[in-house]
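Data first, discussion second: the structure below is written as structure tokens.
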Ligand SMILES: C[S@@+](CC[C@H](N)C(=O)[O-])C[C@H]1O[C@@H](n2cnc3c(N)ncnc32)[C@H](O)[C@@H]1O
């Protein structure tokens, strides 16, 4: 699932943008997504909850057993009930259609303006070796290399103008309506990021680390809320990191980006006082998540805080919405989405040694779902 900013990044030239033809195609996709998620989905929900089996499952989901196997079995049964409804199927068809067309239309729309975007990138300040650490020898884990995340052709590194594609096509014309994956219709994804980073318990931090940072969208939010913090992040994708570095330079963000595996960052022990993750855990297999939490515990100073923001667990949303979340695994190239919604990040943080762990939603339909904890002073 992507959670990109819904506005073109500041610091970009106003002449950048799509042709009328490219823009119209993207706006049509946005209109379809908005209609499907804000009009058809509530109708499908009412039909699901009005159905005898749907109503029984809804009630059991609210009051019945919450262990992993019981929840998994319930979601599977609810999927069958939902699938029997043509309104649900049409809404899901439109979701899939938009998810594919974001690239089928978005890439040609950017290609129409390739010369302008390429000139903008070429005109960017030179890369600063101490702010961007790329490692051509880093071999990404197999799951990362083989997945075309969110149906993006070639995955995260599949299209060289990925940055403009999200900043000028998909972000402002489609994602801005919400209504995809865990993001509810009509919610503001830029504000969600600010709200999520504001969940750190202290007013200020010296050094915040973000594993799986992609570009600098979450760093922009962190710099707004904690302007004095030094910011460091890692990701596997050199393309996202280069793009993030360029935007950081143009926007004056004090960020160091490194191409590293999040479970093996190479950062010194006890070197940061805050860790923030945003939209990361559902992209990792469960075992990698456990290793990631141990690594974050290692690099945090005693007393340091960790804040995770990701889609909610099935148990924290109603039955119908659990079906909506589950759907992404098989239909939007999100291989670990279901595993993630069946996980308990709070428990995993405790296993890694964190204390004072809390988990709660800060928005509609359980999203963003926050899990936070602290490394004990005596660790
Ligand atoms: C949905 S994106 C979120 C990016 C960013 N956190 C944000 O807020 O926009 C997930 C990111 O996690 C990165 N990622 C996935 N597995 C990783 C791993 N094992 N190590 C480092 N980064 C990873 C992906 O390359 C991708 O950029």
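In this note's numbering, the protein residues as written are 3 to 381. Yeah, the Cβ is synthetic: ideal placement off N, Cα and C, and Gly gets one too.
Buried or exposed (CB count within 10 angstroms, at least 16 for buried), residue i
i           : result
residue 9   : With a pLDDT of only 45 at residue 9, under 50, the local geometry of the prediction cannot be trusted, and no value is derived from it.
residue 211 : buried
residue 315 : buried
residue 78  : exposed
residue 377 : buried
residue 71  : exposed
residue 139 : exposed
residue 129 : exposed
residue 73  : buried
residue 336 : buried
residue 285 : buried
residue 237 : buried
residue 85  : exposed
residue 27  : buried
residue 307 : buried
residue 120 : exposed
residue 141 : exposed
residue 328 : buried
residue 268 : exposed
residue 349 : exposed
residue 203 : exposed
residue 54  : exposed
residue 220 : buried
Ligand 1 heavy atom lying under 7 angstroms from the CB of residue i
i           : result
residue 242 : yes
residue 265 : yes
residue 332 : no
residue 236 : yes
residue 351 : no
residue 239 : yes
residue 166 : no
residue 341 : no
residue 344 : no
residue 158 : yes
residue 143 : yes
residue 287 : no
residue 207 : no
residue 214 : yes
residue 1   : For residue 1 there is no data in the structure shown, the boundaries of the chain being 3 and 381.
residue 140 : no
residue 224 : no
residue 136 : no
residue 290 : yes
residue 282 : yes
Pairwise C-alpha distance: residue j and residue i
i           : j           : result
residue 88  : residue 95  : 10 angstroms
residue 263 : residue 57  : 44 angstroms
residue 365 : residue 304 : 30 angstroms
residue 49  : residue 296 : 44 angstroms
residue 147 : residue 189 : 31 angstroms
residue 346 : residue 145 : 21 angstroms
residue 334 : residue 206 : 38 angstroms
residue 368 : residue 104 : 25 angstroms
residue 292 : residue 381 : 18 angstroms
residue 261 : residue 233 : 15 angstroms
residue 384 : residue 62  : Any property of residue 384 remains undetermined from this structure, which presents the chain solely from 3 to 381.
residue 310 : residue 18  : 34 angstroms
residue 102 : residue 111 : 14 angstroms
residue 322 : residue 59  : 9 angstroms
residue 76  : residue 214 : 32 angstroms
residue 41  : residue 182 : 13 angstroms
residue 177 : residue 97  : 12 angstroms
residue 255 : residue 218 : 9 angstroms
residue 64  : residue 319 : 9 angstroms
residue 278 : residue 92  : 37 angstroms
residue 359 : residue 373 : 7 angstroms
residue 353 : residue 282 : 19 angstroms
residue 38  : residue 379 : 49 angstroms
residue 193 : residue 155 : 29 angstroms
residue 90  : residue 153 : 21 angstroms
Residue(s) in a DSSP beta bridge with residue i
i           : result
residue 36  : DSSP, once it has assigned bridges, lists no residue as partnering residue 36.
residue 371 : 312, 363
residue 376 : 307, 357
residue 261 : 237
residue 135 : 260
residue 25  : DSSP output for residue 25 lists no bridge partner at all.
residue 232 : 209
Ligand 2 heavy atom lying under 7 angstroms from the CB of residue i
i           : result
residue 220 : The model depicted lacks ligand 2 and carries ligand 1 instead.
### Task
Note down, one range per segment and in chain order, each beta strand (DSSP E) of at least 3 residues found wholly within the stretch 263-322.
Taken in chain order, the complete beta strand (DSSP E) segments of 3 or more residues contained in the stretch 263-322 are 274-280, 302-312.
### Message
As an exercise, report each continuous alpha helix (DSSP H) stretch of at least 4 residues that is fully enclosed by the stretch 150-214, in chain order.
### Response
Every unbroken stretch of the alpha helix (DSSP H) spanning 4 or more residues and falling wholly within the stretch 150-214 is given here in chain order: 191-199.
### Message
To test your reading of the DSSP string, which unbroken alpha helix (DSSP H) runs of 4 or more residues are found completely within the stretch 56-110?
### Response
DSSP runs (the alpha helix (DSSP H)) wholly in the stretch 56-110: 70-85, 88-106.
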